[in-house]
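Q:
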Amino acid sequence: MDRHSELHRRERRRYVIGYGGSLLLTLAMFGAAHWFGIETRGVYLTIGLLGLAQLIVQLVYFLHIDRRRSSREDLDLVLFSTLVLLIIIGGTVWILGNLAMRMHMPVM
Numbered sequence: 001m002d003r004h005s006e007l008h009r010r011e012r013r014r015y016v017i018g019y020g021g022s023l024l025l026t027l028a029m030f031g032a033a034h035w036f037g038i039e040t041r042g043v044y045l046t047i048g049l050l051g052l053a054q055l056i057v058q059l060v061y062f063l064h065i066d067r068r069r070s071s072r073e074d075l076d077l078v079l080f081s082t083l084v085l086l087i088i089i090g091g092t093v094w095i096l097g098n099l100a101m102r103m104h105m106p107v108m
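Here the sequence shown is numbered in UniProt numbering, starting from 1 and rising by one per residue.
(1) Among residues of its own chain, excluding the 5 on either side of LEU75, which ones have a beta-carbon nearer than 6 Å to its beta-carbon?
(2) Quick check: what's the CA-CA separation for LEU50 versus GLY37?
(3) Exposed or buried, residue 179, counting other C-beta atoms within 10 Å across all chains shown (16 or more means buried)?
(4) GLU73 to LEU83, Cα distance in whole Å?
(5) Could you tell me which of TYR19, ARG10 and LEU7 sits nearest to PHE62, measuring between CA atoms?
(6) On the CB-based measure, 16 or more other CB atoms within 10 Å of its CB, does ALA100 come out buried or exposed?
(7) Do you know how far the Cα of LEU25 is from the Cα of ILE47?
(8) Would you mind sorting MET103 into buried or exposed? The rule is 16 or more other CB atoms within 10 Å of its CB.
(9) Could you compute how far the alpha carbon of SER70 sits from the alpha carbon of LEU59?
(10) Grouping DSSP H, G and I as helix and E and B as strand, with all else coil, what is GLU73?
What follows is the structure in structure tokens.
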């Protein structure tokens, strides 16, 4: 086997593992919601933790973001984008909550 086909085989194996892991975590989320009911408080925590695990699986297996020095810039980009999104979402919730309080509306 030459080097190119070995790299192709290794890369395909990573994608299959990532796809299988993502599919398994997705089915686990739907299974937890189906068997225990969505009204159960522990199901929200389970779905959140499985969603975080799925995010990590997709970052590692599909975006190839790991702890190597070569992918450090990609990790910095993902973390900065996450920070910007959290600031935007948090600011929006804060402003709308303040607006609802000033209009004497009940907060949901």
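Think of the CB as a built atom: it goes at the ideal place given N, C-alpha and C, for glycine as much as any other residue.
A: Reading from the atomic positions:
(1) Excluding sequence neighbours, LEU75 sits near ILE65.
(2) The alpha-carbon separation between LEU50 and GLY37 amounts to approximately 16 Å.
(3) Here the chain has residues from 1 to 108 only, and residue 179 is not among them.
(4) Rounded to whole angstroms, GLU73 to LEU83 spans 15 Å at the Cα level.
(5) TYR19 is the residue among TYR19, ARG10 and LEU7 whose C-alpha sits nearest the C-alpha of PHE62.
(6) Burial call: exposed.
(7) Answer to the nearest angstrom: the Cα atoms are 9 Å apart.
(8) By the 10 Å Cβ count, MET103 comes out exposed.
(9) Distance between the alpha carbons of SER70 and LEU59: 15 Å.
(10) Shown here, GLU73 sits in a helix according to DSSP, grouped into three states.
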